[in-house]
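Working notes for the structure below.
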């Protein structure tokens with residue numbers, strides 16, 4: 002980039018920074034009593050943001066490291082504001098820079114945390130403040146390398162931070178405040194009467210996320226679950242409302258936790274008589290998908306055939322061409338994947354028969370248990386997706402005879 006474009010970009014960049022500063026000063030003024038002096042911590046963050054943005058413009062763009070440094074300022078401003086407000090309310094508060102405790106590698110934009118280091122640093126910088134009765138406020142999403150370079154944790158980074166620190170502290174609970182009242186038994190847009198689910202296992206949360214549930218990304222809460230620290234998902238605007246607890250323990254009295262679906266998907270059925278005797282056939286098959294970086298959702302095998310489902314935006318034609326070199330390939334598009342989610346599905350003797358009974362007039366093209374036993378997946382025509390979800394929900398959550406009954 003030439004010097005002229007950089008000079009012309011500088012006033013605009015500084016103008017954007019000034020807008021951010023003015024907005025946050027207005028919030029600070031609204032939160033604090035009249036006459037309260039400007040918060041020094043907040044002003045320090047403003048100065049850091051201005052310097053980082055100036056550096057990005059001067060160099061014609063932000064390196065991954067500088068981009069993370071710039072992105073961190075939003076969380077750091079929020080920490081300064083919240084800590085100042087809590088002090089204004091008379092609380093003993095300690096604002097701890099997350100970069101002192103969340104140690105990561107240098108994978109900027111999606112840094113990987115060092116959980117051993119985080120446990121030690123949390124004990125060093127947080128535990129004593131809590132023991133003395135102070136409220137500790139820190140950032141989510143933000144961390145730092147061992148040599149002090151600012152990093153960010155990527156998607157779900159704030160939830161991830163909460164779980165990492167909660168696990169390090171062996172907290173009683175990690176609370177995630179969001180815009181939904183936890184998990185429901187189905188998508189309310191498809192099933193208006195979907196029920197709140199009070200308790201979900203980590204495996205069930207992972208399955209629901211794979212089907213597009215936006216409550217949270219399960220990988221981000223894994224540290225807390227592994228430390229046996231329960232995670233609750235609560236609605237920010239309904240603090241006394243219903244919520245879901247995600248834990249390593251599962252509910253004893255149910256087989257089905259939720260019904261979920263995803264579409265459009267494509268089904269590839271690969272047929273070859275060589276499957277019967279040829280060692281390595283499946284390895285060769287899955288190598289094709291791996292080379293194209295395509296994730297397979299469902300796999301069902303027969304003696305001479307394998308059916309696999311992939312998202313419809315996968316390179317279907319390229320996959321089919323390579324597979325055709327050693328097998329016959331049938332491609333069926335415009336399908337939906339519908340699943341019952343529940344850790345105890347495979348232990349139930351009644352779930353699969355009742356699924357088939359409720360869908361007797363539906364063309365169910367595939368029905369299979371997932372490898373981890375936490376889902377029972379069906380492939381149906383996409384046009385029937387929502388009808389199938391509603392029928393399954395009615396069968397397992399709305400039938401009067403099911404009230405309080407344990408699936409066997």
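In this note's numbering, the protein residues as written are 2 to 409. Note that the Cβ used here is the ideal one computed from N, Cα and C, for glycine as well. As the structure is a prediction and not an experimental result, all values here were calculated from the model.
Count the other CB atoms within 10 Å of the CB of residue i; is the residue buried (16 or more) or exposed (fewer)?
i	result
residue 329	exposed
residue 255	buried
residue 245	buried
residue 52	exposed
residue 345	buried
residue 40	buried
residue 4	Low local confidence applies: a pLDDT of 44 at residue 4 is under 50, so the model's placement there is unreliable, with the coordinate-based value given in what follows. Exposed, since its Cβ has fewer than 16 Cβ neighbours within 10 Å.
residue 148	exposed
residue 398	buried
residue 183	buried
residue 90	exposed
Would you kindly work out how many angstroms separate the C-alpha atoms of residue i and residue j, rounded to a whole number?
i	j	result
residue 15	residue 99	26 Å
residue 102	residue 126	7 Å
residue 134	residue 112	32 Å
residue 226	residue 179	19 Å
residue 145	residue 210	28 Å
residue 394	residue 373	22 Å
residue 70	residue 140	13 Å
residue 166	residue 308	43 Å
residue 174	residue 157	18 Å
residue 17	residue 23	10 Å
residue 396	residue 356	8 Å
residue 176	residue 235	7 Å
residue 407	residue 284	For residue 407, the pLDDT reaches just 41, beneath the cut-off of 50, and the residue's location in the model is therefore unreliable, leaving the point undetermined.
residue 21	residue 334	48 Å
residue 312	residue 340	15 Å
residue 11	residue 59	8 Å
residue 367	residue 381	8 Å
residue 371	residue 142	32 Å
residue 267	residue 297	10 Å
residue 64	residue 229	38 Å
residue 216	residue 207	11 Å
residue 293	residue 281	19 Å
residue 337	residue 262	7 Å
residue 19	residue 239	34 Å
residue 347	residue 171	33 Å
Starting from residue i, follow its DSSP beta bridges and name the residues at the other end.
i	result
residue 376	342
residue 198	184
residue 370	377
residue 315	Residue 315 is not bridged to any residue.
residue 231	Residue 231 pairs with nothing; no bridge assigned.
residue 193	DSSP output for residue 193 lists no bridge partner at all.
residue 329	272
If I follow the unbroken beta strand (DSSP E) through residue i, where does it start and stop?
i	result
residue 293	Premise fails: residue 293 is in no beta strand (DSSP E) and is neither H nor E.
residue 95	94-96
residue 309	306-312
residue 152	151-153
residue 247	245-248
residue 302	300-302
residue 177	175-179
Would you say residue i and residue j are within 8 Å of each other, going by their C-beta atoms?
i	j	result
residue 123	residue 164	no
residue 248	residue 186	no
residue 332	residue 286	no
residue 221	residue 160	yes
residue 73	residue 153	yes
residue 352	residue 257	yes
residue 359	residue 205	no
residue 224	residue 116	yes
residue 192	residue 390	yes
residue 315	residue 289	no
residue 349	residue 299	no
residue 78	residue 130	no
residue 95	residue 54	no
residue 85	residue 33	yes
residue 301	residue 233	no
residue 243	residue 197	yes
residue 67	residue 57	yes
Could you please give the first and the last residue of the uninterrupted alpha helix (DSSP H) stretch that includes residue i?
i	result
residue 262	Where residue 262 is concerned, there is no enclosing alpha helix (DSSP H), although the beta strand (DSSP E) it sits in stretches over 259-272.
residue 139	Premise fails: residue 139 is in no alpha helix (DSSP H) and is neither H nor E.
residue 102	It is not in any alpha helix (DSSP H) - residue 102 carries neither H nor E in the DSSP assignment.
residue 237	Counting along the chain, residue 237 falls outside any alpha helix (DSSP H), and DSSP gives it neither H nor E.
residue 167	158-170
residue 65	65-89
residue 126	116-126
residue 1	Any property of residue 1 remains undetermined from this structure, which presents the chain solely from 2 to 409.
residue 353	352-359
residue 394	386-394
Could you check whether the Cβ of residue i sits closer than 7 Å to any heavy atom belonging to the ligand ADP?
i	result
residue 387	As presented, the structure is devoid of all ligands, the ligand ADP included, so that no description of it is given.
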